[in-house]
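1 is the number of the first residue of the sequence shown in full-length UniProt numbering; add one for each residue after it.
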Amino acid sequence: MARFLGGYPPELLGQVLPVLEAGRLGEALARRHPESHTVRTDAALYDYAMDLKQRHMRQSGPVSLVVYDPKLKVLTQALGTHTTIARVQGGKLKAKREIRVASLFREAPADFLRMIVVHELAHLKEREHDKAFYALCSHMAPDYHQLEFDTRLWLLAQEWARRQPADPSPSPA
């Protein structure tokens, strides 16, 4: 639980744990975030991210690539990454910016995909997770902090479900 919810107050974690252990966290989140998305391809993800960027960050630099990355391991690495790749072209240094989103978000609720794309777009302007970074995230998604928390809960519920043994079939009497 600490992997996803480290840094949150113990009182809040005390509310989450019973729901998680009862196996109801996933269904509670599904009721809270029922809308799925249709952003299944890399091209659709690029268009989705560029639409958000155009609406909220017109002045930021261009992004050359936005893709789902199957190599990102959500449980051990990150939900998404942003990188700047510098290349020399014709004697000039050119920088290309890329955003990679974990493939798991192809099937995530629409709100969670929006949260992760907003987060990575904010890194185009603010490198550190500081006050200015979170202010920009909240500008693009006013409910950003709740979405980030709910995304963490969703990831926790997914990991918990994978770790639970399958229900044994009742044995014949």
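For each residue, glycine too, the CB sits at the ideal point set by N, CA and C.
Since the structure is predicted, the reported quantities are computational estimates derived from the model, not experimental observations.
Sheet register partners of residue i (DSSP bridge)
i           : result
residue 59  : Answer by DSSP bridge pairing: none, since residue 59 is not bridged.
residue 102 : 69
residue 89  : 92
Reduced DSSP secondary structure (H/G/I, E/B, other) of residue i
i           : result
residue 43  : helix
residue 177 : In the structure as shown, the chain starts at 1 and stops at 173, and residue 177 therefore has no counterpart that could be examined.
residue 75  : Legend: pLDDT at residue 75 = 49, less than 50; position of this residue unreliable, value from coordinates given subsequently. Residue state, collapsed to three classes: coil.
residue 97  : strand
residue 114 : helix
residue 128 : coil
residue 10  : helix
residue 37  : coil
residue 107 : coil
residue 1   : coil
residue 122 : helix
Exposure of residue i, with buried meaning 16 or more beta-carbon neighbours within 10 Å
i           : result
residue 151 : buried
residue 171 : With a pLDDT of only 48 at residue 171, under the threshold of 50, the placement of this residue in the model should not be trusted; the figure read from the coordinates follows. Under this definition residue 171 is an exposed residue.
residue 75  : Annotation note: pLDDT 49 at residue 75 (below 50); position unreliable, no value reported.
residue 17  : exposed
residue 127 : exposed
residue 119 : buried
residue 123 : buried
Assumed close pair residue i, residue j - CB separation to whole angstroms, cut-off 8 Å
i           : j           : result
residue 69  : residue 100 : 4 Å
residue 36  : residue 141 : About 18 Å; that fails the 8 Å criterion.
residue 63  : residue 53  : 7 Å
residue 136 : residue 115 : Actually they do not touch by this definition, with Cβ atoms about 13 Å apart.
N-terminal and C-terminal residue of the alpha helix (DSSP H) that residue i is part of
i           : result
residue 150 : 144–163
residue 27  : 25–32
residue 139 : 131–140
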